[in-house]
Amino acid sequence: MITLVDTAATEKLGKMIGEAATPSDNLVLTGDLGAGKTTLTKGIALGLGIDQMIKSPTYTIIREYQQGSLPLYHMDVYRIESGADDLGLDDYFEGDGLSVIEWGKQLGEYMPEDYLELVLSKDDQDENLRRVSLNANGKQAEDFKARILEAWSANE
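Each residue of the sequence shown is one higher than the one before, counting from 1167 in our numbering.
Next up, the structure:
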């Protein structure tokens, strides 16, 4: 469990995730509206060396950012009710970049086989506080999780 005290800490964790990412890592971000999923993704982009403005891809579903050390594929699948199989998501999940999937559980059977889920929880008492749990599903995700936790503990 990682505790984030404010949006700057959320962005800092994101930056570490971006720096720790390798090709075809898949990150599923789970949390309520306002939990910090897009803020975390902005940090991830910084960690990958992407200085473009990161916007939530709510209506476009997928935004691609190619100019970093790895391509970033930022997905928001909240509005997908059917047709996920038509989006060619496997090309992203198994490709040369990092896929960050907001609301990934919406994909059901179309989820990547190997992914790291970050669950962001808001605190009832402190509106700035977030708790993040990391749940790995697969060998590559286990390795990704270990790299992130190592970077986080080294910077605490």
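Cβ atoms here follow ideal geometry from the backbone N, Cα and C, with glycine treated the same way. Predicted, not measured: the structure shown is a model, and the values here were computed from it.
One Cα belongs to Q1218, the other to F1310, and the distance between them is close to 24 Å.
Of the other Cβ atoms in all chains shown, fewer than 16 fall within 10 Å of the Cβ of L1199; this residue is therefore exposed. Non-local beta-carbon contacts of E1275 in its own chain, meaning distances under 7 Å to residues more than five positions away in sequence, are absent.
With the rule of 3 Cβ pairs closer than 8 Å, the region 1266–1274 does not count as touching the region 1296–1306. DSSP, reduced to helix, strand and coil, places S1319 within a helical segment of the structure shown. The beta carbons of L1236 and L1214 sit closer together than 8 Å. For D1256, the three-state secondary structure derived from DSSP is helix. Sequence-distant partners of K1178 (beyond 5 residues in either direction) whose C-beta falls short of 7 Å from its own C-beta, in its chain, are G1209. Selection A1187, M1167 and D1191 evaluated against G1304 yields D1191 as nearest (Cα-Cα). DSSP places A1174 in the uninterrupted alpha helix (DSSP H) bounded by T1173 to A1186. Minimum Cα-Cα distance from L1193 among the listed residues V1171, I1168 and L1264 corresponds to L1264. Shortest Cα-Cα distance from L1273 to any of T1205, G1261, D1280 and Y1244 involves Y1244.
Under the three-state reduction of DSSP output, Y1276 falls in the helix class.
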